[in-house]
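Here the sequence shown is numbered in the working numbering, starting from 826 and rising by one per residue. Using N, Cα and C, we set each Cβ at its ideal position, and we do this for glycine too.
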Amino acid sequence: MIKVILADTQAIFRTGAAKVLAVEDELRIVAQAQSAEQLLVAVDRFRGAVVLLASNFHNDLKAVLETAAAASSRIVMIAEHNEASQAFMEMGAAGVVFRSITGPQLVQCVQKVARGETFLQQAPGANIPNENDLVGARVRDRLTPKELRIVALIVQGYKNKEIANQLGTTEQVIKNYLRNVYDKIGVSDRLELALFTIHHRILNEAAAALAGTTTNQISN
């Protein structure tokens, strides 16, 4: 059995990754961490686990990697599209993947790293349009600024009531917006919406850009 620890501040990404990995009989999610303290407890308790660690998880990643390595953990970094894989490998990571990784690729990565091998996902081309970017751009253009902001808050793990408070409206209005967003994107629930957004860089960046705007700055 391969023990897996998920360490990411994005709860929605942890949930999605857990669902993907739980399908494989040989993989077992033994812990999830959203803080360095939780991660240190987990790697000490489940020694030898494969740790999926977000690159923005902690300010001192090197120290986190060293502590995990001392517990015989194998680290897979979850990088953003513009981050260099080599830097993470030099810090001691056994693998580097991006948030756009597919389910089968993630399973393959964990299996290889658990065997003592390394895994490097090819970085998304910075200047070469790919299918994911084209789809992300098309979806982005279908959504209004307010819908994009709601998408960003969903990715951050906000509930409908919290989103309504952020936008100064009611839960029912947010539910109506979400139904429209689901129809435009072709997803059926908030988890699918969040994972779709995370896996499509252009859409994710457009939504994130509006996440901190005020209600008066956006319309529709």
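| query | Considering only residues of the same chain and omitting the five flanking positions on each side of Ile1023, which have a CB-CB separation below 7 Å? | reply | Phe838, Arg924, Val980, Asn1029
| Own chain partners of Ala859 with C-beta closer than 6 Å, once the 5 adjacent residues on each side are dropped | Looking at the sequence itself, residue 859 is Gln, so the reference to Ala does not match. Contacts found: Thr834.
| request: Verify the CB distance criterion: does Val921 have a CB-CB separation below 8 Å to chain D? | output: The question asks about chain D, but that chain is absent: this structure has only one protein chain.
| message | From the DSSP secondary-structure annotation, give me the bridge partner or partners of Lys828. | response | Arg853
| query | Roughly how many angstroms lie between the CA atoms of Lys828 and Leu852, to the nearest whole one? | reply | 6 Å
| request: Could you check the C-alpha separation between Gly920 and Ala847 for me, to the nearest Å? | output: 20 Å
| task | Using three-state DSSP, classify Ala874 as helix, strand or coil. | result | coil
| request: Please specify which runs of the beta strand (DSSP E), each continuous and at least 3 residues long, are wholly inside the region 890 to 928, giving them in chain order. | output: 899 to 904, 920 to 923
| said: Please report the straight-line C-alpha distance between Leu931 and Tyr1002, rounded to a whole angstrom. | reply: 32 Å
| Within 10 angstroms of its Cβ, does Ser898 collect 16 or more other Cβ (buried), or is it exposed? | buried
| Would you say Ala904 and Ala977 are within 8 Å of each other, going by their C-beta atoms? | no
| task | Out of Gly873, Val901, Lys1000, Glu891, point me to the one whose CA is closest to Gln946's CA. | result | Val901
| Residue from Leu865, Arg870, Leu877 with nearest C-alpha to Leu831 | Leu877
| query | Taking DSSP as the reference, what is the three-state secondary structure of Phe882? | reply | coil
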